[in-house]
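> Numbers in the numbering used here are just positions in the first sequence, counted from 1, shifted up by 26.
Yeah, the Cβ is synthetic: ideal placement off N, Cα and C, and Gly gets one too.
If you're wondering where the values come from, they're calculated on a predicted model, not measured in any experiment.
Take this structure first; my questions come after.
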Amino acid sequence: MEYESIKFKDEYEGNSIETFKDVSSEHEALNARLLIQAGFINQELAGVYSYTRLGYEVLNNIEEITRSHMRKVGNEVLLPALQPVDNWKITDRLDTVSSLFEARGANSLSRENNPSRYILGPTHEEIITPLAKKYIKSYRDFPVSFFQFQTKFRNEARPKSGLLRGREFLMKDMYSFHPDKEDMEEFYDRVKNEYTELFKDLGIGDDTFFTYASGGDFTDGFSHEFQTLLPNGEDMIYIDREKNVAYNEEIATPENEKRLGVSFQNLEKVPACEVANIFPLNLKYSKPFNLTYTDKDGTVKPVYMGCYGIGISRLMGVIAEKFADEKGLVWPENVAPAKFHIVTLANKEDEESYLLSQKLFDLIGSDALWDRRNRVSAGEKLRDADLIGCPYKVIISNRSISNKGVEVQKRSTGEKFYMSIGELIDNFGGPRRF
RNA sequence: CGGGGAGUAGUUCAGAUGGCUAGAACGCUGCAUUUGGGAUGCAGAGGUCGCAGGUUCAAGUCCUGUCUCCCCGACCA
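Encoded structure:
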């Protein structure tokens, strides 16, 4: 397709975007259907997807927004996806975690008589905890935290719902280290607040709830999730809109009602998707790895830990599914693959429309797709723009030129405005970035 | 890991009780026309019917095995 964007002009001119008329009836999840049809992702295996140029734009935007918040509370690192088996023996999780991918001497790195064994990392406590020992020796070294964006591998028995549950997915995970429980809890709260701001930036703040959940193996208390309301979500939660808090169905017991001072019966029960999860790890991992520090008084004490995850690729699926309408995707401005989608409706001889399109593209091309295909009908171009779902569709044609210049259609509301190029930038701002 | 469904052209699909020299639509290639809501005409290219065995004069179709995908459930650090 002859789409063009300055950012990719040299490398991809002519063939970086492809939409499809049909999607196999096998895919039922809305996010999978739309993202495949609009050409954002391609399925390679059950629960394993490629991100094409448009999809990778969105994924990167979500990652960048997340990074900008995480830098306020942590240090960015990159840990390995491939991990040593021995560390998982130390925490005794090798046989208890059913979704582990384990590789046994299946490549040229392993020696014939002594095949190496690796784990494809489903999470990174087994890496970060021993690594932290190199940084943490004294009470002066606190608090400290590390985060990364990493592809995680989990051998799900049944991947499903498109990007909502995969066997390979992109996650932001962070691990924090503290001299005592109080320090951990204080930091935990800071991260919680930062997450709240993040979800506002991603456009899902109003529908994302801080949620009490089961502590799992980690803790006697609760862990906490951020759950985004979604009809197709896997979880059921009880939401309290007044207090802006929710409770996962999995903890809805009479004991917990007393403990938390709530009545689940009186709350609204709705489906939702878990987009983030934070755990007070306490001493769960510092003990097996013997992660300790020397306090002011000279005594050696164990380190308290917390961990904080956000499903980056899952968020892409949630946002895609949450805002979609009958015409296709509708991206919030911050995560959209481009802010503007310029559609030129004219034949080759209609120079005026092309000149005006070029002029506009020179101004906003760093954040715009330009559909200037010649042999494609007007209807197909307009439908493609709606399917791809950029916030502003800018139509340039004889009609728009005789009505002040361009026609801007807002994707989320369908509102249409005729205006000049100058007015477009005045009213809707220019590119999000350069 | 239990239960159900499905694998046929690039894509979406049709091919009852075996007769196929395997089809349609869309897409793709060429030429011409066409540009405000998935255009039109003409001419083309494109397939070991998931894979491996078996039954039969004859297998996309029947049998056995196997792999993969989707849906429901269990699991989800």
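1. At which residues does the alpha helix (DSSP H) containing Val369 begin and terminate?
2. What alpha helix (DSSP H) runs, 4 residues minimum, are completely inside the stretch 382-410?
3. In its own chain, which residues sit with a C-beta less than 7 Å from the C-beta of Pro169, not counting the 5 before and 5 after it?
4. Please name the residue or residues paired with Gln435 in a DSSP beta bridge.
5. Go ahead and label Gly448 buried or exposed: buried means 16 or more other beta carbons lie within 10 angstroms of its beta carbon, across all protein chains shown.
6. Output the distance between the C-alpha atoms of Pro297 and Trp357, rounded to the nearest integer angstrom.
7. By DSSP's criteria, Ala272 is part of a beta bridge. Which residues make up the other side?
8. What does a CB cutoff of less than 6 Å around Gly147 pick up in its chain, not counting 5 residues either side in sequence?
9. In whole angstroms, what separates the C-alpha of Leu341 from that of Asp452?
10. May I ask you to report which of helix, strand or coil DSSP gives Pro205?
11. In the DSSP assignment, find the alpha helix (DSSP H) that holds Asn115 and state where it starts and stops.
12. Indicate the three-state DSSP secondary structure (helix, strand or coil) for Leu135 in the structure shown.
13. Kindly list the residues whose CB is nearer than 7 Å to the CB of Phe366, restricted to its own chain and excluding five residues on each side of it in sequence; keep chain order.
14. I need the boundaries of the beta strand (DSSP E) containing Thr254, first residue and last residue.
15. Have a look at Ile277 and Pro363 and give me their C-alpha separation to the nearest angstrom.
16. Can you grab the Cα-Cα spacing for the pair Glu378 / Gly81, in whole Å?
17. Would you call the stretch 217-233 in contact with the stretch 330-345, where contact means no fewer than 3 C-beta pairs closer than 8 Å?
18. Per DSSP, which residues does Val326 bridge with? Please list them.
19. Under the DSSP definition of a beta bridge, which residues are partnered with Gly335?
20. Is the stretch 175-187 in contact with the stretch 311-323, if contact means three or more CB pairs nearer than 8 Å?
21. Please report the straight-line C-alpha distance between Lys159 and Glu433, rounded to a whole angstrom.
22. Taking just the CA atoms, how far does Leu228 sit from Asp206?
23. Please report the straight-line C-alpha distance between Arg291 and Asp232, rounded to a whole angstrom.
24. Could you compute how far the alpha carbon of Arg191 sits from the alpha carbon of Ile230?
25. Under the assumption that Ala64 contacts Leu413 (Cβ atoms under 8 Å), give the Cβ distance between them as a whole number of angstroms.
According to the structure data:
1. Segment 366-371 is the beta strand (DSSP E) holding Val369; no alpha helix (DSSP H) there.
2. none
3. Ser202, Phe203, His204, Asp209, Phe213
4. Lys419, Lys442
5. Gly448 is exposed by the Cβ-count criterion.
6. Cα atoms of Pro297 and Trp357: separation of roughly 21 Å, rounded to the nearest angstrom.
7. Thr237, Ile265
8. Ala107, Gln109
9. If you draw a straight line from the Cα of Leu341 to the Cα of Asp452, it comes to about 31 Å.
10. coil
11. One point to set straight first is that residue 115 is Lys, not Asn, in the sequence displayed. From DSSP, the alpha helix (DSSP H) with Lys115 extends over 111-116.
12. In this prediction, Leu135 has a pLDDT of 44, which is less than 50 and means its spatial position is unreliable; nothing more can be read from the coordinates.
13. Ile390, Asp393, Ala394, Cys416, Tyr418, Val420
14. For Thr254, the enclosing beta strand (DSSP E) begins and ends at 248-255.
15. 38 Å
16. 33 Å
17. yes
18. Thr320
19. Asp199, Asn303, per the DSSP bridge assignment.
20. no
21. Distance between Lys159 and Glu433, taken at the CA atoms: about 60 Å.
22. Taking the straight line joining both Cα atoms gives about 33 Å.
23. Correcting the residue identity first, residue 291 is Gln in this sequence and not Arg. Distance between the alpha carbons of Gln291 and Asp232: 23 Å.
24. 19 Å
25. About 5 Å separates the beta carbon of Ala64 from that of Leu413, a gap short enough to meet the 8 Å contact definition.
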